[in-house]
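A.B. asks: Residues -10 to 149, numbered by the working numbering, are exactly what the sequence shown covers, in order.
By construction, the Cβ of each residue, glycine as well, lies at the ideal position given by its N, Cα and C atoms.
Every value quoted in this text rests on a predicted model; they were computed, and no experiment measured them.
Questions regarding the structure given below will be posed in turn.
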Amino acid sequence: MIYSFPPFVNAETQILILGTMPGIASLEKQEYYAHPRNHFWKIIYTLFDKLPVTTVFEEKIKVLQNHKIGIWDVLENCERKGSLDIHIKNHKPNDFESLLKQFPNIKKIVFNGKESHRYFNKNFGQIKGITYYVMPSTSPANTMSFENKLKIWSTVFYDL
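Structure follows, in structure tokens:
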């Protein structure tokens, strides 16, 4: 059984980015999106003109929080061989009902890939007052170019 990380959200969070479950590299480092070829942090830093991307995880989280963005995963735990979402079995979702009550400023949920959206939708459906965006996965398993991922991800953050 593998377990996700705690959410990085605060009272200012308006946008919540959701992955499905941390991959092997992330679990080993105990940091979200730790695989060196994952485009997540490069996309975030490019969108907010903060390049180069720091190697200090706490500083990465500050960049998100300075832009009212939080991160978490749809699943609390599961069984999975490797890092691919298609190998997930026996999953348990995180408690979004409590999270959204505790942090009512969250009005947008951005899914990092179709699988995170699928698992969320299967367990929670549409939650009133929340706008949803399904972005291409930033995982290296998604072979879409960085430039195309960035262009699509930028549509969510254009008004920030």
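(1) Closer than 7 Å by C-beta to Lys49: which residues in its own chain qualify, once you throw out the five before and the five after it? Chain order, please.
(2) Please state the DSSP three-state secondary structure of Lys97.
(3) What number of angstroms, rounded off, separates the C-alpha of Leu89 from the C-alpha of Asn55?
(4) Answer yes if the segment 90 to 106 comes into contact with the segment 124 to 132, meaning at least three C-beta pairs across the two stretches below 8 Å, and no otherwise.
(5) Tell me the DSSP secondary structure of Val63 in three-state form.
(6) Could you tell me whether the Cβ atoms of Tyr(-8) and Glu65 are closer together than 8 Å?
(7) Does the beta-carbon of Tyr108 have 16 or more other beta-carbons within 10 angstroms, so that it is buried, or is it exposed?
(8) Consult DSSP for Ile75 and reduce its assignment to one of helix, strand or coil.
C.D. replies: Taking the coordinates as given:
(1) Within the sequence shown, numbered from 1, the residue matching residue 49 stands at position 60. So the qualifying residues of the chain are Trp30 and Thr43.
(2) Taking the first residue of the sequence shown as 1, we reach residue 97 at position 108. Note: Lys97 maps to strand in three-state DSSP.
(3) Translated into positions along the sequence shown, residue 89 becomes position 100. Translated into positions along the sequence shown, residue 55 becomes position 66. One C-alpha to the other measures close to 19 Å.
(4) yes
(5) For the purposes of this step, residue 63 is taken as residue 74 along the sequence shown, with counting starting at 1. Val63: coil per DSSP, three-state reduction.
(6) One-based indexing of the sequence shown puts residue -8 at position 3. One-based indexing of the sequence shown puts residue 65 at position 76. Closer than 8 Å, so yes.
(7) The sequence position of residue 108 within the sequence shown is 119, counting from 1. Flag for Tyr108 reads buried.
(8) As a position in the sequence shown, residue 75 is number 86, starting the count at 1. Three-state result, Ile75: helix.
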